[in-house]
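Step one of this worksheet: look at the structure below.
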Amino acid sequence: MTTSGDAGPDVLPNAAAPRRTWLAFSPPSVDQAEIDEVADTLRSAWITTGPKTQRFEREFAAFVRAPGALALNSCTAALHTALATLGIGPSDEVITTPMTFAASVNVIEHVGARPVLVDVEPDTLNIDPAAITAAITPRTKAILPVHYAGHPADLDRIGELARAHGLAVVEDAAHAIPATYRGRFIGAGPNPVAFSFYATKNLTTAEGGMLTGEPAFLERARVLSLHGMTRDGWQRYHEGGSWFYEVVVPGFKYNMTDIQAAMGLCQLRKQEEFQRRRREVVARYTSAFADDEALEVPVTRPDVTHAWHLFVLRLRPQALRIGRDQFVAELTARNIGTSVHFIPVHLHPYYRNKYGYRPDDFPVAYENFRRMLSLPLHPGLSDGDVSDVIEAVLAVAGAHRR
Ligand SMILES: Cc1ncc(COP(=O)(O)O)c(C=O)c1O
Numbered sequence: 001m002t003t004s005g006d007a008g009p010d011v012l013p014n015a016a017a018p019r020r021t022w023l024a025f026s027p028p029s030v031d032q033a034e035i036d037e038v039a040d041t042l043r044s045a046w047i048t049t050g051p052k053t054q055r056f057e058r059e060f061a062a063f064v065r066a067p068g069a070l071a072l073n074s075c076t077a078a079l080h081t082a083l084a085t086l087g088i089g090p091s092d093e094v095i096t097t098p099m100t101f102a103a104s105v106n107v108i109e110h111v112g113a114r115p116v117l118v119d120v121e122p123d124t125l126n127i128d129p130a131a132i133t134a135a136i137t138p139r140t141k142a143i144l145p146v147h148y149a150g151h152p153a154d155l156d157r158i159g160e161l162a163r164a165h166g167l168a169v170v171e172d173a174a175h176a177i178p179a180t181y182r183g184r185f186i187g188a189g190p191n192p193v194a195f196s197f198y199a200t201k202n203l204t205t206a207e208g209g210m211l212t213g214e215p216a217f218l219e220r221a222r223v224l225s226l227h228g229m230t231r232d233g234w235q236r237y238h239e240g241g242s243w244f245y246e247v248v249v250p251g252f253k254y255n256m257t258d259i260q261a262a263m264g265l266c267q268l269r270k271q272e273e274f275q276r277r278r279r280e281v282v283a284r285y286t287s288a289f290a291d292d293e294a295l296e297v298p299v300t301r302p303d304v305t306h307a308w309h310l311f312v313l314r315l316r317p318q319a320l321r322i323g324r325d326q327f328v329a330e331l332t333a334r335n336i337g338t339s340v341h342f343i344p345v346h347l348h349p350y351y352r353n354k355y356g357y358r359p360d361d362f363p364v365a366y367e368n369f370r371r372m373l374s375l376p377l378h379p380g381l382s383d384g385d386v387s388d389v390i391e392a393v394l395a396v397a398g399a400h401r402r
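The numbering of the sequence shown is the numbering used here, which starts it at 1 and goes up by one.
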């Protein structure tokens, strides 16, 4: 658990009136540097996939120590491209978690395979390796763990299972920039790992994503991600390029633009500072809430570095007279923006109806979903904002204690 960095008391006795202005849950942390770099691209002769995208791929790969990187227009695109490049398709099964955004599971449907959901571990809410073991069948082709909230999944146990059964591991690292597992960066391994640069993420390009992995795998993924063409636009149109290309597979249109990469290059340089601020905020939330019997703060296992994309607070129903929805409504009334990550996949009508899931099929995911909320956590939060969140949470908990 993070413990450092608290400067003093979080709430004064008889604390001030509730906040007057809306505190957004997760606005992007963008300043003049991104504006200048994007303008530089717009003034140049090349605005789609080109030199800045290539530079962003190299610098991102160096940042997470990846063997290679392929920049795409979303994490969803990266996950879909990875599954398709692995040749996963109809009659195959991919084991994943219900405690994720639908994108992680939709991509399995996109390649025509069957998503097999298994429950999560109660502390981290990451996929439970014991449950994976029980779900492996002769049709299983891959395991798709999600590093929930930025806390790495148990990759050693997942890797052992994959090796024992000849399965691929495709990691959803939408939340995990930068995170480490047993001293190794998420994305540093040879298997495909998908990152998100969506507007709310730790590193944003407005929309965007990155697929890391072995160079030979990424070369096939690169062709698949751009219509199945043997040459991209930059290779055809820049000086010394050649007009000729061939389509070797009916691929997708998933390339990143140099406008996005321009933002990404700036955001990459700020990651250390962003992480420092995220950790300060987490430390203040943790010390303010850890001793409150109505509140459960997130845990960090000893062998990981958490990326702190989300601060997921869990309520303890036995200590409160209200549920999560009213708790959120009362924070909203106090001008504190929150969110819920996630409505478990098996509760969504498409998955519920297609596979006949019931809420209790994944009891850990379901029970935790019902008592969780995500608090504002981003580098732009001032000390006063953090105090406002703490004061509001403690006031709502205090007013409805059993
Ligand atoms: C766990 C997870 N996976 C995948 C995605 C999809 O990312 P993108 O919007 O970049 O496609 C998200 C986005 O919120 C996510 O939270």
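Glycine is no exception: its CB is placed at the ideal position from the N, C-alpha and C atoms. Just so it is clear, the structure is predicted and the values come from calculations on it, not from any experiment.
Minimum C-alpha distance to residue i - residue among the options
| i | options | result |
| --- | --- | --- |
| Ser387 | His346, Thr305, Ala333 and Glu280 | Glu280 |
| Pro379 | Ala17, Val30 and Arg20 | Val30 |
| Ala149 | Asp123, Glu160, Asn106 and Asp36 | Asp123 |
| Arg312 | Lys253, Ala135, Leu320 and Pro376 | The amino acid at residue 312 is misidentified as Arg; the sequence shows Val. Ranking the options by Cα distance to Val312, first place goes to Pro376. |
| His165 | Thr137, Gly187, Trp243 and Val146 | Thr137 |
| Arg276 | His306, Thr300, Ala294 and Tyr254 | His306 |
| Leu79 | Glu207, Met263, Val64 and Val105 | Val105 |
| Lys253 | Met229, Val389 and Ala131 | Met229 |
| His151 | Ala17, Ala45, Gly213 and Ala173 | Ala173 |
| Tyr350 | Ala71, Ala102 and Asp40 | Ala102 |
| Glu293 | Arg321, Leu381 and Gly356 | Arg321 |
| Thr200 | Asp385, Ala45, Ser74 and Tyr355 | Ser74 |
| Ala17 | Arg402, Val389 and His400 | Val389 |
Helix, strand or coil at residue i [DSSP, three-state]
| i | result |
| --- | --- |
| Asn255 | strand |
| Glu296 | strand |
| Ala199 | coil |
| Leu373 | strand |
| Ser26 | coil |
| Val396 | helix |
| Thr180 | strand |
| Phe311 | strand |
| Val248 | coil |
| Val223 | helix |
| Ile127 | strand |
| Thr48 | coil |
| Thr81 | helix |
| Leu161 | helix |
| Phe362 | coil |
| Glu239 | coil |
| Gly356 | coil |
Strand pairing of residue i, partner residues [DSSP]
| i | result |
| --- | --- |
| Asp172 | Val146 and Ala194 |
| Glu93 | Arg114 and Thr140 |
| Ala69 | Thr212 |
| Arg401 | Leu320 |
| Phe185 | Thr180 |
| Met263 | Note: Met263 sits in no beta bridge, so no partner. |
| Ser339 | Ser374 |
| Thr305 | Thr180 |
| Val120 | Ile127 |
| Met229 | Val247 |
beta-carbon residue i near ligand 1 non-hydrogen atom, thresh 6 Å
| i | result |
| --- | --- |
| Tyr351 | no |
| Gly323 | no |
| Ser424 | Past the boundaries of the shown model lies residue 424; the chain is included only from 1 to 402, so the question cannot be answered. |
| Val111 | no |
| Ser74 | yes |
| Ala173 | no |
| Ala216 | no |
| Val193 | no |
| Val118 | no |
| Phe406 | Missing from the structure shown is residue 406; the chain here goes from 1 to 402 and no further. |
| Thr96 | no |
| Thr41 | no |
| Gly166 | no |
| Phe60 | no |
| Phe56 | no |
| Ala103 | yes |
| Gly187 | no |
| Thr81 | no |
Anticipated Cβ contact below 8 Å, residue i with residue j, distance rounded
| i | j | result |
| --- | --- | --- |
| Val282 | Phe289 | Actually they do not touch by this definition, with Cβ atoms about 11 Å apart. |
| Lys52 | Ala261 | 4 Å |
| Ala168 | Ala134 | Rounded, the Cβ-Cβ distance is 19 Å, inconsistent with contact. |
| Val193 | Leu224 | Contact flag wrong, Cβ pair sits at about 17 Å. |
| Asp258 | Gly112 | Not confirmed; about 33 Å, so no contact. |
Cβ of residue i within 7 Å of any chain B Cβ
| i | result |
| --- | --- |
| Pro250 | The chain inventory of the structure shown lacks chain B, comprising one protein chain alone. |
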